[in-house]
């Protein structure tokens, strides 16, 4: 199968808005952090011999399209992106904005919320150790808890730290994307 | 059967190309706005990504990280600065 790049208008609109509003240095650092995160995933996929079919860019973020994987591989691949983000902290003296965005992206992605990396990793880890029904139920409950935490964090950032509306928009988008697995799990 | 599959694949390819064209148009619009209408960004910025204080605090945060301050402490100072700003304004 040919490798494909699938770009959604939602992603383009989000990146366009960020490009319009943020200074070059900030936008560049954010973009570099996102690329570093995805490269982490891609590197582990290649190392584990998983087929990489393409890249999907959507309003909620980037997603690598892969061939079928077992749960152990899925767990490792899901954790590879956040690991790359943490490794980026090594460059904090030379590229501080890049390191800070990588840290923020890692923290966000580690939320146990489907389809973020934390949600994928948690589900894969649970499915490795527990019966499927129990694993899906725990994963869905963790998703609900993560949504509540995300909503609280977003309100704190927007109201208390005057970070604008983006945390609320991001939290709303993440919760909406996560909604179908809740229904399946519960 | 094979012909039907090919037709479906071609349709999907056309749809993907259409969405790519819309995406490119959006990116071009963002670039054009930035080049020829930067004033609106100044009005929108405080609503979407926070005002000048947030930008200044972020600049200080990156500088302190660059100077070798531990990231945790730098973030704590960043948070305290923004909270203090909120209390005084």
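Residue numbers (my numbering), protein chains in the order written: chain A, 5 to 190; chain B, -11 to 77. Glycine included, each C-beta is placed from N, C-alpha and C at the ideal position.
| Check | Outcome |
| --- | --- |
| Cβ separation of residue 103(A) and residue 92(A), assumed to be a contact under 8 angstroms, to the nearest whole Å | 5 angstroms |
| Check whether residue 154(A) and residue 179(A) have beta carbons under 8 angstroms apart | yes |
| Within chain B, the residues that residue 23(A) reaches when beta carbons sit closer than 7 angstroms | 18 and 22 |
| N- and C-terminal bounds of the beta strand (DSSP E) containing residue 68(A) | 65 to 70 |
| Rounded straight-line distance, which links the Cα of residue 183(A) to that of residue 140(A) | 14 angstroms |
| Contacts of residue 65(B) in chain A (Cβ-Cβ under 9 angstroms) | Chain A residues near residue 65(B): none, gap ~13 angstroms exceeds 9 angstroms. |
| Residue 12(A): contacting residues in chain B (beta-carbon distance under 8 angstroms) | 7 and 11 |
| Beta-carbon neighbours of residue 17(A), restricted to chain B and to distances below 7 angstroms | 14 |
| Neighbour flag for residue 96(B) against chain A, beta carbons, 8 angstroms | What the structure shows of chain B is the stretch from -11 to 77, and residue 96(B) is not part of that stretch, so it cannot be assessed. |
| Residue 19(A) burial status per 10 Å Cβ neighbour count (16 or more: buried) | buried |
| Any 3 or more C-beta pairs closer than 8 angstroms across the segment 53 to 71 of chain A and the segment 121 to 131 of chain A | no |
| Any chain A beta carbon closer than 8 angstroms to residue 38(B) | yes |
| Three-way DSSP call (helix, strand, coil) for residue 67(B) in this model | helix |
| Strand pairing of residue 206(A), partner residues [DSSP] | Residue coverage of chain A in this structure runs from 5 to 190, which leaves residue 206(A) outside it and unanswerable. |
| Closer than 8 angstroms at the beta carbon, the chain A residues around residue 56(B) | 97 |
| Extent of the continuous alpha helix (DSSP H) to which residue 81(A) belongs | 75 to 91 |
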